[in-house]
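Protein chains: 4
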Amino acid sequence: MATPNTSTPEPTYHFNTEVRVRLPETDAMGIVFHGNYFTFLDVGRVDYLMNLGLTENNRPIRDFDNVVVAGHLDFRAPARLHDLLAIDVRMREIGGASFTFEFRIRDKRSNVVVAEGYTTHCAVDAEFQPMRVPEAFREVIAKFERWDQ
Amino acid sequence: MATPNTSTPEPTYHFNTEVRVRLPETDAMGIVFHGNYFTFLDVGRVDYLMNLGLTENNRPIRDFDNVVVAGHLDFRAPARLHDLLAIDVRMREIGGASFTFEFRIRDKRSNVVVAEGYTTHCAVDAEFQPMRVPEAFREVIAKFERWDQ
Amino acid sequence: MATPNTSTPEPTYHFNTEVRVRLPETDAMGIVFHGNYFTFLDVGRVDYLMNLGLTENNRPIRDFDNVVVAGHLDFRAPARLHDLLAIDVRMREIGGASFTFEFRIRDKRSNVVVAEGYTTHCAVDAEFQPMRVPEAFREVIAKFERWDQ
Amino acid sequence: MATPNTSTPEPTYHFNTEVRVRLPETDAMGIVFHGNYFTFLDVGRVDYLMNLGLTENNRPIRDFDNVVVAGHLDFRAPARLHDLLAIDVRMREIGGASFTFEFRIRDKRSNVVVAEGYTTHCAVDAEFQPMRVPEAFREVIAKFERWDQ
Numbered sequence: 025m026a027t028p029n030t031s032t033p034e035p036t037y038h039f040n041t042e043v044r045v046r047l048p049e050t051d052a053m054g055i056v057f058h059g060n061y062f063t064f065l066d067v068g069r070v071d072y073l074m075n076l077g078l079t080e081n082n083r084p085i086r087d088f089d090n091v092v093v094a095g096h097l098d099f100r101a102p103a104r105l106h107d108l109l110a111i112d113v114r115m116r117e118i119g120g121a122s123f124t125f126e127f128r129i130r131d132k133r134s135n136v137v138v139a140e141g142y143t144t145h146c147a148v149d150a151e152f153q154p155m156r157v158p159e160a161f162r163e164v165i166a167k168f169e170r171w172d173q
Numbered sequence: 025m026a027t028p029n030t031s032t033p034e035p036t037y038h039f040n041t042e043v044r045v046r047l048p049e050t051d052a053m054g055i056v057f058h059g060n061y062f063t064f065l066d067v068g069r070v071d072y073l074m075n076l077g078l079t080e081n082n083r084p085i086r087d088f089d090n091v092v093v094a095g096h097l098d099f100r101a102p103a104r105l106h107d108l109l110a111i112d113v114r115m116r117e118i119g120g121a122s123f124t125f126e127f128r129i130r131d132k133r134s135n136v137v138v139a140e141g142y143t144t145h146c147a148v149d150a151e152f153q154p155m156r157v158p159e160a161f162r163e164v165i166a167k168f169e170r171w172d173q
Numbered sequence: 025m026a027t028p029n030t031s032t033p034e035p036t037y038h039f040n041t042e043v044r045v046r047l048p049e050t051d052a053m054g055i056v057f058h059g060n061y062f063t064f065l066d067v068g069r070v071d072y073l074m075n076l077g078l079t080e081n082n083r084p085i086r087d088f089d090n091v092v093v094a095g096h097l098d099f100r101a102p103a104r105l106h107d108l109l110a111i112d113v114r115m116r117e118i119g120g121a122s123f124t125f126e127f128r129i130r131d132k133r134s135n136v137v138v139a140e141g142y143t144t145h146c147a148v149d150a151e152f153q154p155m156r157v158p159e160a161f162r163e164v165i166a167k168f169e170r171w172d173q
Numbered sequence: 025m026a027t028p029n030t031s032t033p034e035p036t037y038h039f040n041t042e043v044r045v046r047l048p049e050t051d052a053m054g055i056v057f058h059g060n061y062f063t064f065l066d067v068g069r070v071d072y073l074m075n076l077g078l079t080e081n082n083r084p085i086r087d088f089d090n091v092v093v094a095g096h097l098d099f100r101a102p103a104r105l106h107d108l109l110a111i112d113v114r115m116r117e118i119g120g121a122s123f124t125f126e127f128r129i130r131d132k133r134s135n136v137v138v139a140e141g142y143t144t145h146c147a148v149d150a151e152f153q154p155m156r157v158p159e160a161f162r163e164v165i166a167k168f169e170r171w172d173q
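Top line first, the protein sequences correspond to chains A, B, C and D.
Going by this note's numbering, the first sequence opens with residue 25, and the numbers climb by one from there.
Going by this note's numbering, the second sequence opens with residue 25, and the numbers climb by one from there.
Going by this note's numbering, the third sequence opens with residue 25, and the numbers climb by one from there.
Going by this note's numbering, the fourth sequence opens with residue 25, and the numbers climb by one from there.
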């Protein structure tokens, strides 16, 4: 009997985007080089923020700068040339000066999970010093992620 | 009086695709690193060939392998983070064992030409030896490019 | 009084190599794109294994294949164009089918820690199935890392 | 009888540097992705300019900015993972506002030529407008390349 596995609650994603694996993203092992998945996460973040009107022209985030302070990925299955990958993106939490995006990358055709992980960012001012994440940013994200419900 | 410049006939492109500039494709000069445009050309070639049914799963071209034997780009204007780039792609010519793609990359919003150039490829067999470009490939391309007219 | 901080024991590294930051590894923020540090870790691993005679020609590890199953980095300080980075590399542990490399990246001139993290690998056979890490590999690493002492 | 081929005079290179091919620089065809050779050319240029004291900290050239306006490579033979590549670098010519570097990439062990080509650069001011290549730069290069002899 095939039933859904209900024992491990998974995070709910309300946003996804996609990329097709390019030749230079693969390596001589015939699969995507693991470091290149962080590029896919970047595409996911940008599309997530664009969708919420939080980017502007050539700035990753419109109202403040940020630096990545941590990145983690668990690699579940390899991806290969031309594979279409769905990138699920959610904001996991926003702290004082930091915020953490969570990601799940799936092979779009098979729905196999390729990788899962997160990146943690720190809001910084013009001198690269930590600053509080602006309220407007928090509100837009919280509404989209339905944190108030 | 603004009139079209008719003195220099430009190549006619019947296919284009697009990419959005990703953060790791830019460099510390604030613009796309010139070598990364060859990645954009690769995206253009793949999408051109996919559109004609000439790719297959994880193979760049379905019926034979190829190696790039020359690449050239003239850089006309810089591209920056998040810019949408239109990649115009055409097959310029198919010789005995070689074929040459021609490209024009334009900023999609301004229609400014960012780069122009070509890549020349050699059809190779399983031992990486040159082989004649298969007829089926020639026919599909010639029909699409309207070389018989 | 300036004294060494002895409260937090750090891992001891017996091997390091170095890279100089290349222009395409930086991004429009003026610093190294975070995902590119995984390329530096790869350089560190290869040089560590080469130093022990564990690589061969075009194979990352001579006697068996491996896939990366997890990667993590904490980013402590930005690195910029032309910076010389020292990459400290050690094997943290070897399990049944998996093994974990640990890394510390330092700015060579200032000795400031730029990033720290690890990559976990799984030994796989020709069908990409997990296999036990070969004894010869364990012995060479254990001797170098002085695990028997 | 094996004699040197004297019919085609080759450019004389007075400088070379080297790179070892990294895993993410290879692709699923098992060879270095052609666009990545432009990264190797960049390494060659930086090392050539550093050797002449013409770089400074995080600036590609100490006394003025430049943009790449053309790049060309002919690919003669594939390079693979871990291959050591020698990059021969010379300044071919310096015009009013532009200058052209010429490159030859060889497999270091076999001396087989892997790729040959050039990049043309334009000196630009703070507004990205073309400016005359400074005399000091010309003199240092001309002396090294022995153009006066």
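Just so it is clear, CB atoms sit at the ideal spot from N, CA and C, and this is done for glycine as well.
- Query: Hey, does P102/B have any beta-carbon neighbour from chain C nearer than 8 Å?
  - Reply: Walking along the second sequence from the start, residue 102/B turns up at place 78. Chain C contact via Cβ: absent.
- Item | Where the alpha helix (DSSP H) containing F152/C begins and where it ends | Here residue 152/C refers to the residue found at position 128 when the third sequence is read from its first residue. Run containing F152/C: none; DSSP gives neither H nor E here.
- Cβ-based neighbour list, L78/B, same chain, cut-off 7 Å, excluding 5 preceding and 5 following: For this step, residue 78/B is matched to residue 54 along the second sequence. Closer than 7 Å at Cβ, skipping near neighbours: I85, R86, F161 and V164.
- CB contact check: V79/A to chain B, cutoff 8 Å: In the first sequence, the residue the question calls residue 79/A occupies position 55. Checking the displayed sequence, the identity of residue 79/A turns out to be Thr instead of Val. Chain B contact via Cβ: present.
- Message: I want to see whether chain B comes within less than 8 Å of F123/D, judged by CB atoms only; does it?
- Response: Numbered from 1 along the fourth sequence, position 99 holds the residue referred to as residue 123/D. Closer than 8 Å: no.
- Query: With distances taken between CB atoms, is the gap from H145/C to V92/C smaller than 8 Å?
  - Reply: For the purposes of this step, residue 145/C is identified with residue 121 of the third sequence, where counting begins at 1. For the purposes of this step, residue 92/C is identified with residue 68 of the third sequence, where counting begins at 1. Their beta carbons are under 8 Å apart, which means H145/C touches V92/C by this criterion.
- Query: What is the residue span of the beta strand (DSSP E) that A110/A lies within?
  - Reply: One-based indexing of the first sequence puts residue 110/A at position 86. L108 to I118 is the span of the beta strand (DSSP E), which, as asked, contains A110/A.
- Message: I'd like the span of the alpha helix (DSSP H) that includes A160/D, first residue to last.
- Response: The residue labelled residue 160/D in the question sits at position 136 within the fourth sequence. Run containing A160/D: E159 to E169, per the alpha helix (DSSP H) assignment.
- Message: Quick check: what's the CA-CA separation for K167/A versus D51/C?
- Response: Here residue 167/A refers to the residue found at position 143 when the first sequence is read from its first residue. Here residue 51/C refers to the residue found at position 27 when the third sequence is read from its first residue. C-alpha separation (whole angstroms): 31 Å.
- Item | Contacting positions in the stretch 51–78 of chain D - beta carbon closer than 8 Å to chain A | D51, A52, M53, G54, I55, F57, G59 and N60
- Do you know whose CA, among R156/B, T143/B, A110/B and A147/B, lies nearest S134/B's CA? Looking up residue 134/B in the second sequence gives position 110. Per the Cα distances, A110/B.
- Message: I want to see whether chain A comes within less than 8 Å of G95/C, judged by CB atoms only; does it?
- Response: Taking the third sequence and counting its residues from 1, the one referred to as residue 95/C is at position 71. Yes, its Cβ sits closer than 8 Å to a Cβ of chain A.
- Item | R104/B beta carbon less than 8 Å from that of I55/B | Here residue 55/B refers to the residue found at position 31 when the second sequence is read from its first residue. Here residue 104/B refers to the residue found at position 80 when the second sequence is read from its first residue. Yes.
- Checking contacts by CB at 8 Å: is R130/D closer than that to chain C? Mapped onto the fourth sequence, residue 130/D falls at position 106. Output row for R130/D: interface = no.
- Message: Taking 7 Å as the limit between beta carbons, can you name the residues of its chain near N40/C, skipping five residues before and five after?
- Response: Taking the third sequence and counting its residues from 1, the one referred to as residue 40/C is at position 16. Cβ within range, chain order: A110, I111, D112 and V113.
- If I'm right that D98/C touches A139/C with Cβ under 8 Å, what's the distance once you round it to whole angstroms? On the third sequence, position 74 is the one that residue 98/C refers to. On the third sequence, position 115 is the one that residue 139/C refers to. Yes, they are in contact, since the Cβ atoms of D98/C and A139/C sit about 7 Å apart, within 8 Å.
- Taking the alpha-carbon positions, what's the N82/C to H96/C distance? Taking the first residue of the third sequence as 1, we reach residue 82/C at position 58. Taking the first residue of the third sequence as 1, we reach residue 96/C at position 72. Cα to Cα, the separation comes out at about 26 Å.
- In chain order, what residues of the same chain have a beta carbon less than 8 Å from the beta carbon of V157/C, not counting five sequence neighbours either side? In the third sequence, the residue the question calls residue 157/C occupies position 133. So the qualifying residues of the chain are F88, I118, G119, G120, A121, S122, F123 and A147.
- Message: Please classify M25/A as buried or exposed, where buried requires at least 16 other C-beta atoms within 10 Å of its C-beta.
- Response: In the first sequence, counting from the first residue as 1, residue 25/A sits at position 1. Caution is warranted here: a pLDDT of 46 is assigned to M25/A, below 50, making its placement in the model unreliable, and the coordinate value is therefore given only provisionally. M25/A comes out exposed.
- Start and end residues, alpha helix (DSSP H) containing T36/C: Counting from one through the third sequence, the residue named residue 36/C turns up at place 12. From DSSP, T36/C is part of no alpha helix (DSSP H); its letter is neither H nor E.
- Item | Nearest-angstrom Cβ-Cβ length linking R130/B and V136/B, presumed shorter than 8 Å | Residue mapping note: residue 130/B aligns to position 106 of the second sequence, counting from 1. Residue mapping note: residue 136/B aligns to position 112 of the second sequence, counting from 1. So it is a contact: roughly 7 Å between Cβ atoms.
- Query: Is M25/C helix, strand or coil by DSSP?
  - Reply: Here residue 25/C refers to the residue found at position 1 when the third sequence is read from its first residue. Because M25/C sits at a pLDDT of 47, beneath the cut-off of 50, its placement in the model cannot be relied upon, and the following sentence gives the value as read from the coordinates. If DSSP states are grouped into helix, strand and coil, M25/C belongs with coil.
- Message: Considering Cα atoms alone, identify which of E159/D, E151/D and P102/D is closest to E151/B.
- Response: Counting from 1 along the second sequence, the entry for residue 151/B is found at position 127. Ranking E159/D, E151/D and P102/D by Cα distance to E151/B puts P102/D first.
- Query: Between E80/C and the rest of its own chain, which residues show a CB-CB distance below 7 Å, the 5 nearest in sequence each way excluded?
  - Reply: The sequence position of residue 80/C within the third sequence is 56, counting from 1. Same-chain partners within the cutoff: R86.
- Query: From T63/B, V67/B, P48/B and N90/B, pick the residue whose C-alpha is nearest to that of M155/B; which is it?
  - Reply: Mapped onto the second sequence, residue 155/B falls at position 131. With distances taken between Cα atoms, M155/B lies closest to N90/B.
- Message: DSSP three-state label for R104/D, please.
- Response: The sequence position of residue 104/D within the fourth sequence is 80, counting from 1. DSSP places R104/D in coil when its eight states are reduced to three.
- Query: Quick one: does F88/A have its CB under 8 Å from some CB of chain C?
  - Reply: In the first sequence, residue 88/A corresponds to position 64, counting from 1. Chain C, which has no Cβ nearer than 8 Å to the Cβ of F88/A, makes this no.
- Message: Please state whether the Cβ-Cβ distance between N60/C and E42/C is less than 8 Å.
- Response: By 1-based counting over the third sequence, the position of residue 60/C is 36. By 1-based counting over the third sequence, the position of residue 42/C is 18. In this structure, E42/C does not lie closer than 8 Å to N60/C by Cβ.
- alpha helix (DSSP H) segment containing V91/C, residue limits: Residue numbering aside, residue 91/C sits at position 67 when the third sequence is read from its first letter. Not the alpha helix (DSSP H): V91/C falls in the beta strand (DSSP E), residues D89 to F99.
- Message: Please report the distance separating the alpha-carbon of D149/C from that of M53/D.
- Response: Sequence index remark: in the third sequence, residue 149/C carries index 125 (1-based). Sequence index remark: in the fourth sequence, residue 53/D carries index 29 (1-based). Going by the C-alpha atoms only, they are around 21 Å apart.
- Query: Does any CB atom of chain D fall closer than 8 Å to the CB of L105/A?
  - Reply: Reading the first sequence from its first residue, position 81 is the one you call residue 105/A. Closer than 8 Å: yes.
- Buried or exposed (CB count within 10 angstroms, at least 16 for buried), D66/C: Within the third sequence, numbered from 1, the residue matching residue 66/C stands at position 42. Counting Cβ neighbours within 10 Å, D66/C comes out buried, since at least 16 surround it.
- Query: Looking only at its own chain, which residues have a Cβ that is under 7 Å from the Cβ of Y142/D, when we skip the five neighbours before and after it?
  - Reply: For this step, residue 142/D is matched to residue 118 along the fourth sequence. If we look at Y142/D and ignore the five residues flanking it on each side, its Cβ neighbours are H96, R116, T124, F125, E126 and F127.
- Item | Environment of R170/D [buried if 16+ CB atoms lie within 10 Å] | Your numbering for residue 170/D matches position 146 in the fourth sequence. Answer is exposed; the Cβ neighbour count stays below 16.
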